[in-house]
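J.:
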Amino acid sequence: MTHDHQDHAHAHACCHVHPDAAPPRDPVCGMTVAADGPHHYEHEGRTYRFCCARCREKFAAEPSRYLGEAASAPARAVPPGAVFTCPMHPEVEQRGPGDCPKCGMALEAKGVPALATRTEWTCPMHPEVVQDGPGDCPKCGMALEPRAVTVEEEDNPELRDMTRRLWFSAALSLPLVALVMIDMVPGAPISSALPGRARVFIELALATPVCLWSAWPFYV
21 MTHDHQDHAH AHACCHVHPD AAPPRDPVCG MTVAADGPHH YEHEGRTYRF CCARCREKFA
81 AEPSRYLGEA ASAPARAVPP GAVFTCPMHP EVEQRGPGDC PKCGMALEAK GVPALATRTE
141 WTCPMHPEVV QDGPGDCPKC GMALEPRAVT VEEEDNPELR DMTRRLWFSA ALSLPLVALV
201 MIDMVPGAPI SSALPGRARV FIELALATPV CLWSAWPFYV
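Just so you know, the working numbering puts the end of the sequence shown at 240, numbered straight through with nothing missing.
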């Protein structure tokens, strides 16, 4: 009777094993590790597992260095029930966040505007080794792994300069246009109020900075 009870308990436990679940990976070196291994570390409510105590120490000292985009990227608004997918394996989809069962990358929400990113390749054992494409680490020979890096929008001095010239030109051109077009009003109020010579000098004073300073980049 006891034997049957044990067999039933064993069968019940087996029913809860998920053979397709991806084994955890060491975030420092990228090795596959046992889910019940002795080396683990809690960070922001999540348990990370490691192949050895040395990798655990490295991670504990600086988690953001090994979590990459997942730890440093600004949070984005994700609607409830959103479908998440892997950037490297688009066929992998699931509801809710998680890790890709094929490559271990953090899944990203579909349909959510993504931050401007670029992919660079780095060595899990030597994070200072970074290149723009796949390859092997020149120090240890390990295959480089991809990581997404947020690209910050750079300041464009040319755009800033042309914007300043545009607003300066608009400030002078509006009164110039008004000065020229108002004579179309019956009675020609400007012509009767300003002598012709004075009006010419006013128009010249308004138009000259626009033609010379604002438009200078188009001359050179």
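The beta carbon of each residue, even a glycine, is placed where N, CA and C say it ideally should be.
Rounded to a whole number of angstroms, what is the C-alpha to C-alpha distance between Val197 and Ala235?
T.: Taking the straight line joining both Cα atoms gives about 18 Å.
J.: Would Asp156 be called buried (16 or more neighbouring beta carbons within 10 Å of its own) or exposed?
T.: By the 10 Å Cβ count, Asp156 comes out exposed.
J.: Check whether the segment 178-198 touches the segment 222-239, taking contact to mean three or more Cβ pairs, one atom from each stretch, closer than 8 Å.
T.: At 8 Å Cβ cutoff, the stretches touch.
J.: Taking only heavy atoms of the ligand HEM into account, decide whether any of them is closer than 7 Å to the Cβ of Glu148.
T.: No copy of the ligand HEM occurs in the structure displayed, which carries no ligand at all.
J.: Return the Cβ separation of Lys159 and Cys143 in integer angstroms, given the expectation that the two are a contact with Cβ distance under 8 Å.
T.: Right, the Cβ-Cβ distance comes to about 7 Å (below 8 Å), so this counts as a contact.
J.: Less than 8 Å separating the beta-carbons of Ile222 and Leu199?
T.: Cβ atoms of Ile222 and Leu199: closer than 8 Å.
J.: Near Phe70, what residues of its chain come up, given a Cβ to Cβ distance below 6 Å and the 5 sequence neighbours on each side ignored?
T.: Same-chain partners within the cutoff: Asp46, His59 and Arg76.
J.: Which class does Pro166 belong to by DSSP, given the choice of helix, strand or coil?
T.: Pro166 falls in the strand class under three-state DSSP.
J.: Just to confirm before moving on: does the CB-CB distance between Trp141 and Glu165 stay below 8 Å?
T.: Against a cut-off of 8 Å, the Cβ pair of Glu165 and Trp141 comes out as a contact.
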